[in-house]
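Per the numbering used here, the sequence shown runs over residues 560 to 827.
We treat Cβ as the ideally placed atom computed from N, Cα and C, and that holds for glycine.
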Amino acid sequence: MWNRWKIAQSKELDCWVGNKDKIQSAKYQAAKLKFWQGTLESCGLDPDSADIKTKKVLDVGCGPAGSFILIDKNPDYWCVDPLMDSYLEQFPQIKQHEVKFFNQKLEDFRTDRRFDIILGFNCLDHVDNLSAAMDKIKELSHPSTQIIISLNVHNYNWLQKILARFSPILDRLHKYQYTSQQYKSMLVDKGFCLIKEFSADSLWKELEDSLADFNVSHKSFWNYLRFSPGKWFFGLLGLLGIAREGYQNPGNPSVYSVRCFILKPNED
Ligand SMILES: C[S@@+](CC[C@H](N)C(=O)[O-])C[C@H]1O[C@@H](n2cnc3c(N)ncnc32)[C@H](O)[C@@H]1O
560 MWNRWKIAQS
570 KELDCWVGNK
580 DKIQSAKYQA
590 AKLKFWQGTL
600 ESCGLDPDSA
610 DIKTKKVLDV
620 GCGPAGSFIL
630 IDKNPDYWCV
640 DPLMDSYLEQ
650 FPQIKQHEVK
660 FFNQKLEDFR
670 TDRRFDIILG
680 FNCLDHVDNL
690 SAAMDKIKEL
700 SHPSTQIIIS
710 LNVHNYNWLQ
720 KILARFSPIL
730 DRLHKYQYTS
740 QQYKSMLVDK
750 GFCLIKEFSA
760 DSLWKELEDS
770 LADFNVSHKS
780 FWNYLRFSPG
790 KWFFGLLGLL
800 GIAREGYQNP
810 GNPSVYSVRC
820 FILKPNED
């Protein structure tokens, strides 16, 4: 039967495995390491301190090159991703990081443990059940858990309405399509208190620019001719000067931005 999330997940795996040479290259790993260091620093966490190296950390939807690449060994660093078994098989170098991996959906994850830090980078817009995933993050927190969530958010309300409806055709990877304001009100309704938010666009742009050599084929003219409604839709928006696909570039409006939210659970 047609399942929106399963299709997105199969596309997600294709994207990572299709870029296997890139992901496994020393250049990518170094760039991603620098990216995670910058991201955690922007969130007020010192990537070199004992915090993430010794505390109970949960990385939700870690992917094959998630924040765990900062960690040599911390048995209390837990990573939950429903594609984890495939990532471990396709990218065996992951195993050099002595953290704990779980091949599960966040919504289905069961443990009595409460985490000191919960990280969810570019994950909640990919989950199967957003409401249940937010509830689970709350359940796995204690009153002083530091929660850091980053998400692709829409910059234009009218594009959000179109993509929310037609994402199975236009943006298959992301089941959930909301603005920053919409995500914030959901998080507040779920019992989180927003401590700080900031744009992570410049961090992403720096990462993408440092890996630009790998992306040449994706930008070719012939690539746009391949049948892909999403590529055509975003290509047209770009041609009309309305908005570019992807994240904010200085002077260019973009469809999405990456927004980072630092949260705490409300004491209830
Ligand atoms: C765009 S990737 C982000 C990977 C990594 N956090 C990073 O930023 O490099 C999204 C990840 O979320 C995972 N994901 C999808 N649904 C999920 C769910 N229900 N629970 C946990 N992770 C999920 C996907 O398998 C994928 O690895």
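* So the beta strand (DSSP E) residue 704 belongs to, where does it begin and stop? -> Residue mapping note: residue 704 aligns to position 145 of the sequence shown, counting from 1. Residue 704 -> beta strand (DSSP E) spans 700-713.
* Asked: Nearest-angstrom Cα distance between residue 684 and residue 734?
  -> Working through the sequence shown from its first residue, we reach residue 684 at position 125. Working through the sequence shown from its first residue, we reach residue 734 at position 175. The alpha-carbon separation between residue 684 and residue 734 amounts to approximately 6 Å.
* To do: Identify whether residue 633 lies in helix, strand or coil by the three-state DSSP scheme.
  => Working through the sequence shown from its first residue, we reach residue 633 at position 74. When secondary structure is reduced to three states using DSSP, residue 633 falls in the strand class.
* **8 Å Cβ cutoff met for residue 574 and residue 620** => Numbered from 1 along the sequence shown, position 15 holds the residue referred to as residue 574. Numbered from 1 along the sequence shown, position 61 holds the residue referred to as residue 620. It is not a contact, given that the beta carbons lie outside the stated cut-off.
* Asked: Hey, is residue 571 close to ligand 1, as in C-beta under 7 Å from one of its heavy atoms?
  -> Residue numbering aside, residue 571 sits at position 12 when the sequence shown is read from its first letter. The answer is yes for residue 571.
* Can you name the residues that DSSP bridges to residue 618? -> The count along the sequence shown starts at 1 and reaches residue 618 at position 59. The partner list for residue 618 (beta bridge, DSSP) reads 638, 678.
* To do: Report yes or no: do the region 578-587 and the region 634-643 share at least 3 C-beta pairs separated by less than 8 Å?
  => Counting C-beta pairs with one atom in each stretch, the region 578-587 and the region 634-643 have fewer than three that are closer than 8 Å, which means they do not touch.
* Using DSSP with H/G/I as helix, E/B as strand and the rest coil, what is residue 731? -> Taking the sequence shown and counting its residues from 1, the one referred to as residue 731 is at position 172. DSSP places residue 731 in coil when its eight states are reduced to three.
* To do: For my contact list, residue 727 and residue 563 are in at a C-beta cut-off of 8 Å; report their separation, rounded to the angstrom.
  => Locating residue 727 in the sequence shown gives position 168, counting from the first residue. Locating residue 563 in the sequence shown gives position 4, counting from the first residue. Yes, they are in contact, since the Cβ atoms of residue 727 and residue 563 sit about 6 Å apart, within 8 Å.
* First and last residue of the uninterrupted alpha helix (DSSP H) at residue 788 -> Within the sequence shown, residue 788 is the residue found at index 229, counting from 1. For residue 788, the enclosing alpha helix (DSSP H) begins and ends at 788-798.
* Are there 16 or more other CB atoms within 10 angstroms of the CB of residue 622, so buried, or fewer, so exposed? -> Here residue 622 is taken as the residue at index 63 of the sequence shown, counted from 1. Looking at its Cβ environment, which holds 16 or more other Cβ atoms inside 10 Å, residue 622 is buried.
* Which residue from 565, 626, 591 puts its Cα closest to that of residue 768? -> Mapped onto the sequence shown, residue 768 falls at position 209. Closest in alpha carbon position to residue 768, among 565, 626, 591, is 591.
* Asked: Considering only residues of the same chain and omitting the five flanking positions on each side of residue 632, which have a CB-CB separation below 7 Å?
  -> Numbered from 1 along the sequence shown, position 73 holds the residue referred to as residue 632. Exclusion of the five residues before and after residue 632 leaves 657 as the residues of its chain whose Cβ lies within less than 7 Å of its Cβ.
* Asked: What residues match up with residue 738 in a beta bridge as DSSP calls it?
  -> To locate residue 738, count along the sequence shown from 1; it is residue 179. As computed with DSSP, residue 738 is found in a beta bridge with 713.
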